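Visitor: Below: one structure in structure tokens.
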Amino acid sequence: MEAELVEHIARNLVNKPEEVRVSRREGRNTVVIVLHVAPDDMGRVIGKNGRVANAIRSLLRAMSKDRKRIILEID
Amino acid sequence: METIECTGETIEEAIQKGLDELGVTASDVMVTVLEEPSRGLFGLGAREARVRLQLIGARPAPPAPAITEMPSTLVSDDSLTDDDARIGKEVLAELLERMRIEADITVQRTEPSQQGEAAPWLLNVQGRHVSNLIGRRGETLASLQYITRLMTSRRLQRRANIIVDVDGYKSRRSDRLVQLALRMAEQAVKQGRTISLEPMPPNERRIIHLTLRNRPDVTTRSVGEGSSRKVTIVPK
Chain A
25 MEAELVEHIA
35 RNLVNKPEEV
45 RVSRREGRNT
55 VVIVLHVAPD
65 DMGRVIGKNG
75 RVANAIRSLL
85 RAMSKDRKRI
95 ILEID
Chain B
303 METIECTGET
313 IEEAIQKGLD
323 ELGVTASDVM
333 VTVLEEPSRG
343 LFGLGAREAR
353 VRLQLIGARP
363 APPAPAITEM
373 PSTLVSDDSL
383 TDDDARIGKE
393 VLAELLERMR
403 IEADITVQRT
413 EPSQQGEAAP
423 WLLNVQGRHV
433 SNLIGRRGET
443 LASLQYITRL
453 MTSRRLQRRA
463 NIIVDVDGYK
473 SRRSDRLVQL
483 ALRMAEQAVK
493 QGRTISLEPM
503 PPNERRIIHL
513 TLRNRPDVTT
523 RSVGEGSSRK
533 VTIVPK
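This is the structure:
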């Protein structure tokens, strides 16, 4: 469900929603979400000084039920 | 006259920080550059830019007019003719759904601030498990509002005039901050010394600045960087 949220937000912020891909990898203590967008759209999901990415991270943390660390990577 | 000082890596950045904090645009302030940024030698002795912003003219925005008093009218869904309110609510509901948070969103029109600016719409999230959405010092709520505004603005293709609140957190907080500001100002004057408040996010610091801006006996100033930035109240 974390991936679903990230994908939803990303698709609504980029110019090329069809190129948005999100994968999720779960470890023992962490969940890693990898967000891929078109190169031109990187800035839109990262934001000035990482503001957008950090806001997404903060929402992800609020969702974490089992206290796992959620890591959002953007490539 | 309200004055604040800000720092940043460049002069532009420092000015922008100050404008964000005051909630005004460049035409509302007079900027004095106190210190040019310098890179130093091999990173040694690097200095940040420091600027002073002074509000010019009367800005009648009372402290957080949007949410302090909440004399606003509740709007039922079918009468949501305004795009900001309608689309903002839609966007927020979609986000909450994906976060698996069951909640109701009420929409209120806030009081207009005097200067003919349109009053923002207040989207208040209510439900049983919404307290997670506030976070430490309202950080999660700030993120939720930021993302909601961003997505709404994109759909509207202009800036969305909305405020997101959770369980009335901001309006309660805003009332308390006004009280705190007044109390601490009294103390600063009585004791004749500068009083520092706890670190606060920009919107909260703004409430303190605005509450005390017309007082003849104190000035307010924000000091510190990032999440440790706080307001100090200085007796004149």
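Protein chains in written order, with my numbering: chain A, 25 to 99; chain B, 303 to 538.
Even glycine gets a Cβ: it sits at the ideal position worked out from N, Cα and C.
Predicted model, so just to flag it, every value in this text is computed and none were measured.
Residues in the same chain with beta-carbon distance under 8 Å from His511 of chain B, minus the five sequence neighbours each way, listed in chain order, please.
Guide: Here residue 511 of chain B is taken as the residue at index 209 of the second sequence, counted from 1. Cβ within range, chain order: Glu304, Ile306, Glu323, Leu324, Thr522, Ser524, Val533.
Visitor: Report buried or exposed for Lys89 of chain A, applying the criterion of at least 16 other Cβ atoms within 10 angstroms of its Cβ.
Guide: One-based indexing of the first sequence puts residue 89 of chain A at position 65. Looking at its Cβ environment, which holds fewer than 16 other Cβ atoms inside 10 Å, Lys89 of chain A is exposed.
Visitor: If you measure between the beta carbons of Val44 of chain A and Asp99 of chain A, is that distance less than 8 Å?
Guide: Taking the first sequence and counting its residues from 1, one reaches residue 44 of chain A at position 20. Taking the first sequence and counting its residues from 1, one reaches residue 99 of chain A at position 75. For Val44 of chain A and Asp99 of chain A, no; Cβs fall outside 8 Å.
Visitor: Got a sec? Which residues, its chain only, sit under 8 Å from Ile369 of chain B by beta carbon, not counting five neighbours each side?
Guide: The sequence position of residue 369 of chain B within the second sequence is 67, counting from 1. Any reading at Ile369 of chain B must be qualified, since the residue scores a pLDDT of 47, below 50, and its modelled position is unreliable; no value is offered.
Visitor: Under 8 Å, do Ala61 of chain A and Val38 of chain A count as touching if we go by C-beta distance?
Guide: On the first sequence, residue 61 of chain A is found 37 positions in, with the first residue counted as 1. On the first sequence, residue 38 of chain A is found 14 positions in, with the first residue counted as 1. Note that residue 61 of chain A is Val in the sequence shown, not Ala. Yes.
Visitor: Return no unless some Cβ of chain A is closer than 8 Å to the Cβ of Leu357 of chain B.
Guide: Taking the first residue of the second sequence as position 1, residue 357 of chain B is located at position 55. So no, Leu357 of chain B is outside the interface.
Visitor: With Ala316 of chain B and Ala351 of chain B assumed to form a contact (beta carbons below 8 Å), what rounded beta-carbon distance in angstroms separates them?
Guide: Position 14 of the second sequence, counting from 1, holds the residue named residue 316 of chain B. Position 49 of the second sequence, counting from 1, holds the residue named residue 351 of chain B. Between Ala351 of chain B and Ala316 of chain B the Cβ distance is about 5 Å, and since that is below 8 Å, they are a contact.
Visitor: Please name the residue or residues paired with Ser524 of chain B in a DSSP beta bridge.
Guide: Taking the first residue of the second sequence as 1, we reach residue 524 of chain B at position 222. Beta-bridge pairing links Ser524 of chain B to B:Val533.
Visitor: Per DSSP, what are the beta-bridge partners of Asn36 of chain A in this structure?
Guide: As a working mapping, residue 36 of chain A is identified with position 12 in the first sequence. In DSSP, Asn36 of chain A forms no bridge with anything.
Visitor: Nearest to Ala34 of chain A by CA position, among B:Asp406, B:Arg400, B:Arg485, B:Gly440, is which residue?
Guide: The residue given as residue 34 of chain A occupies position 10 in the first sequence. Ranking B:Asp406, B:Arg400, B:Arg485, B:Gly440 by Cα distance to Ala34 of chain A puts B:Arg400 first.
Visitor: Closer than 8 Å, Cβ to any Cβ of chain B: which residues of the stretch 29-59 of chain A, in chain order?
Guide: Listed by position, the residues of the stretch 29-59 of chain A near chain B (Cβ gap below 8 Å) are Leu29, His32, Ile33, Asn36, Leu37.
Visitor: If I'm right that Ile313 of chain B touches Val335 of chain B with Cβ under 8 Å, what's the distance once you round it to whole angstroms?
Guide: Your numbering for residue 313 of chain B matches position 11 in the second sequence. Your numbering for residue 335 of chain B matches position 33 in the second sequence. Right, their Cβ atoms sit about 6 Å apart.
Visitor: At a CB distance below 7 Å, what residues from the stretch 427-452 of chain B approach chain A? Give them in sequence order.
Guide: Answer in chain order: Asn434, Leu435, Gly437, Glu441, Thr442, Ser445, Leu446, Tyr448, Ile449, Leu452.
Visitor: Just verifying my parser: in three-state terms, what is the DSSP assignment at Ala405 of chain B?
Guide: Here the question's residue 405 of chain B lines up with position 103 in the second sequence. Note: Ala405 of chain B maps to coil in three-state DSSP.
Visitor: Within the same chain, show all residues whose beta-carbon is closer than 7 Å to that of Leu498 of chain B, passing over the 5 residues directly before and after it, in chain order.
Guide: Walking along the second sequence from the start, residue 498 of chain B turns up at place 196. With the sequence shown as reference, residue 498 of chain B is identified as Ser, and Leu is not the correct amino acid for it. For Ser498 of chain B, where only same-chain residues beyond five positions count, the Cβ hits under 7 Å are Lys532, Thr534.
Visitor: Report buried or exposed for Ala79 of chain A, applying the criterion of at least 16 other Cβ atoms within 10 angstroms of its Cβ.
Guide: Walking along the first sequence from the start, residue 79 of chain A turns up at place 55. So Ala79 of chain A counts as buried.
Visitor: Is any beta-carbon of chain A found at less than 8 Å from that of Arg402 of chain B?
Guide: Within the second sequence, numbered from 1, the residue matching residue 402 of chain B stands at position 100. At least one chain A Cβ lies under 8 Å of Arg402 of chain B.
Visitor: Give the residues of chain B in contact with Ala79 of chain A, contact being defined as C-beta atoms less than 7 Å apart.
Guide: The residue you call residue 79 of chain A lines up with position 55 of the first sequence. Chain B residues near Ala79 of chain A: Ser445, Tyr448, Ile449.
Visitor: Quick one: does Arg456 of chain B have its CB under 8 Å from some CB of chain A?
Guide: As a first step, residue 456 of chain B must be located in the second sequence, where it is residue number 154. Interface residue, yes.
Visitor: Please list, in chain order, all residues of the same chain as Met372 of chain B whose beta carbon is under 7 Å from its beta carbon, the five residues on each side excluded.
Guide: Counted from its first residue, the second sequence places residue 372 of chain B at position 70. Reliability of the predicted coordinates at Met372 of chain B is poor, the pLDDT of 46 falling under 50, and the value obtained from them is presented with this limitation in mind. Contacts found: Ser473.
Visitor: According to the neighbour-count rule (16 or more other Cβ atoms, all chains shown, within 10 Å of its Cβ), is Glu97 of chain A buried or exposed?
Guide: Locating residue 97 of chain A in the first sequence gives position 73, where the first residue counts as 1. Its Cβ having fewer than 16 others within 10 Å, Glu97 of chain A is exposed.
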